[in-house]
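Chemist: Let me begin by handing over the structure; questions about it come next.
Residue numbers (my numbering), protein chains in the order written: chain R, 4 to 333; chain W, 4 to 333.
Put into structure tokens, the structure is as follows:
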């Protein structure tokens, strides 16, 4: 007997960043954060539970998952199954699992896939087991897999509340994707980047002399960012987002060991985008734990910004996306 | 009647940085700092006071100084002359002044000259007027002209004390130039850099959410750096200096308006130098308020580091210097 479901989820780009946990095991964040789902990128994951399966199978982009990834997913799934029994939402042992996951975006482009991956996986697991859970529970379990994955569960523009406990540190939608037609032009940076896993980076965020101050002042930036989104105030969103991004990368570069996610081209894009904004184009730069620069624009400015980005040296490719919907079963 | 003197002073590279003032007018620094004079670079300044001069003349590198520089020097000199009368070290009006200043290093290379310039100028003014002053007074007046100039007055490795008042925030030598044969390989970065005057940057350092924490923790880094120099502990010097540099640039990038002194090549050099150190070469990177990277090495490691630097793309020129002596009359 087998039960199956397929889910799609989008990655998200944060305007107010998540960096550092107050509880590493539960991935309870040091501060709240705000992001936008990215419509044109997605992870599509099919989960099948079957008592006929001899072994668990986890395939990502057509390949067997590496040991560390397999362990991380299995560990998460064991916890989730245990939770479902405890809640009495699950009665019978579901058997072994087959997980087949594909990303729509090129691997090795430095676009983090763990957010969309754990969001799609969470939905597909609940779907395959026939359990209907509310968004809060789904967001909570996505967070357990990969912190920022909780923001890929709800629709459009999402806020991940710092929360007061394991249960209420989840994400909810501030506004649907249709609220504001922003465009994310993702400048994919050339060159070999050393991958520094972000989980380990989160664990040592506290070793930066600046993390405490970043966390302490995050609520102010969250309030400004939330308001900017609700009022579609691009200029306010640009200022607070760039500041928050620079604060996160300052923490990263001053923690032990220091994390340098920036490549030479990253700096080139950051500086160029600031100049373009001073010249009147609606655009700002934001960067996650990787070298790529997400250049967020209004739809009016996007063509001109794209034209300029194409002229900068060292950008391998430019991906484009509007705001994305919620994670959903297909 | 005319009185003349010529002085030479070296620029310095800071291991623990000066950024931000607790009193902008007096250039009283927010925190103490530590630096090394650079032997192979210097400013040579001749000062002549003469009642026969019709006007003041200020020439820098063969050209009449621009208005802002002329105003800054005149303002400083008026204060100094006033102080000398007050102390009764000067009795007669010295007449107008001619200042002829030359840098040994190429202009436009992005190497700050204000430290060596004000140190040489201070010495030459006192020399021309025939006033013998102790190092503390000279350092104090150099500081009034340009904060870090006070560190170019004493010999070798110098500490600028935060001090408790206008009089005791001056620099003194921690160790002579002969104490430790470090080498500064200055990677001069190609490209057009927008010059952001550092005086204005100092004034707005407090607008960074990280400046307070940087200043509060500076005494710990100063103690570690001082000890590392006295014990010639390269590894300790490398760690504390890189950390302090990254903290200063974090403050710069998060102040209002943000200051991005880094160019794309700057990041390339920072990351490469860290890798080389992990491979066992004694080297670390430090950067002042400009794009150039000072790669500090032991004399044993310097040839290998230089060879590697020469292979990095985007470095226009590599200047080399050992520790320099004190500012002196010639």
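Built from N, CA and C at the ideal position, the CB exists for glycine as well.
#1: Of all the options W:146, W:69, W:78, which has the alpha carbon lying nearest to the alpha carbon of residue 164 of chain W?
#2: Return the CA-CA distance between residue 235 of chain R and residue 183 of chain R, expressed in angstroms with no decimal places.
#3: 7 Å is my cut-off, CB to CB: does residue 271 of chain R come that close to chain W?
#4: Report the partner residues of residue 39 of chain R according to the DSSP bridge assignment.
#5: Of all the alpha helix (DSSP H) runs that stay within the bounds of the stretch 170-245 of chain R, which reach a length of 4 or more residues?
#6: Which value, in whole angstroms, describes the spacing of the CA atoms of residue 226 of chain R and residue 127 of chain R?
#7: Report buried or exposed for residue 230 of chain R, applying the criterion of at least 16 other Cβ atoms within 10 angstroms of its Cβ.
#8: State the beta-bridge partners of residue 7 of chain R as determined by DSSP.
#9: Kindly identify the DSSP beta-bridge partner or partners of residue 84 of chain W.
#10: Following the continuous beta strand (DSSP E) through residue 289 of chain W, name the residue where it begins and the one where it ends.
#11: Anyone know if the C-beta pair for residue 39 of chain R and residue 160 of chain R falls short of 7 Å?
#12: May I ask you to list, following chain order, the residues of the stretch 237-268 of chain W that have a beta carbon less than 7 Å from some beta carbon of chain R?
#13: Assuming residue 322 of chain W is part of the beta strand (DSSP E), what are its boundary residues?
#14: Is residue 61 of chain W helix, strand or coil when you go by DSSP?
#15: Examine chain R for any beta-carbon lying closer than 7 Å to the beta-carbon of residue 108 of chain W, and answer yes or no.
#16: Just the chain R side, please: which residues come within less than 9 Å of residue 287 of chain W by C-beta, in chain order?
#17: Ignoring anything shorter than 4 residues, give me the alpha helix (DSSP H) runs that lie fully in the stretch 114-156 of chain R, in order along the chain.
#18: Please report how far the alpha carbon of residue 102 of chain W lies from the alpha carbon of residue 121 of chain W, in whole angstroms.
#19: Which chain R residues sit within Cβ distance under 7 Å of residue 274 of chain W?
#20: Do three or more CB pairs link the stretch 45-53 of chain R to the stretch 9-27 of chain R at distances below 8 Å?
#21: Tell whether a beta-carbon distance below 7 Å holds between residue 412 of chain W and residue 208 of chain W.
#22: Using a Cβ-Cβ cut-off of 8 Å (strictly less than) and excluding sequence neighbours within five positions of residue 212 of chain R, which residues of its own chain qualify?
#23: What does a CB cutoff of less than 6 Å around residue 148 of chain W pick up in its chain, not counting 5 residues either side in sequence?
#24: Secondary structure at residue 77 of chain W, three-state DSSP: helix, strand or coil?
#25: Have a look at the DSSP bridge pairing and note the partners of residue 101 of chain R.
#26: Which of the three DSSP states, helix, strand or coil, is assigned to residue 269 of chain R?
#27: Since residue 213 of chain W meets chain R, which of its residues come closer than 7 Å, beta carbon to beta carbon?
#28: When you compare the stretch 152-159 of chain W with the stretch 311-331 of chain W, are there three or more beta-carbon pairs, one atom per stretch, that lie closer than 8 Å?
#29: List, in chain order, every chain R residue whose beta-carbon is nearer than 9 Å to that of residue 220 of chain W.
#30: Please state the DSSP three-state secondary structure of residue 27 of chain W.
#31: Could you say which of R:56, R:138, R:67 lies nearest to residue 100 of chain R if we only look at CA atoms?
#32: I'd like to check one pair, residue 61 of chain W with residue 37 of chain W: are the Cβ atoms closer than 7 Å?
#33: Our contact map puts residue 115 of chain R next to residue 291 of chain R with C-beta atoms below 8 Å; I'd like the distance itself, whole angstroms only.
#34: Under 7 Å between the Cβ atoms of residue 178 of chain W and residue 52 of chain W?
Modeler: This is what the structure holds:
#1: W:146
#2: 7 Å
#3: yes
#4: R:16, R:160
#5: 201-206, 214-233
#6: 33 Å
#7: exposed
#8: R:51
#9: Paired residue(s): none; residue 84 of chain W is not in a bridge.
#10: 286-289
#11: yes
#12: 246, 249, 250, 253, 256, 257, 261, 263, 265, 266, 267, 268
#13: 318-324
#14: strand
#15: no
#16: Going along chain R, no residue has its Cβ under 9 Å from residue 287 of chain W, so there is no contact; the nearest lies around 12 Å.
#17: 117-131, 138-148
#18: 12 Å
#19: 263
#20: yes
#21: An answer regarding residue 412 of chain W cannot be provided, because it is not within the stretch 4 to 333 covered by chain W.
#22: 257
#23: 79, 121
#24: helix
#25: R:51, R:60
#26: helix
#27: 213, 216, 253
#28: yes
#29: 212
#30: coil
#31: R:56
#32: no
#33: 6 Å
#34: no
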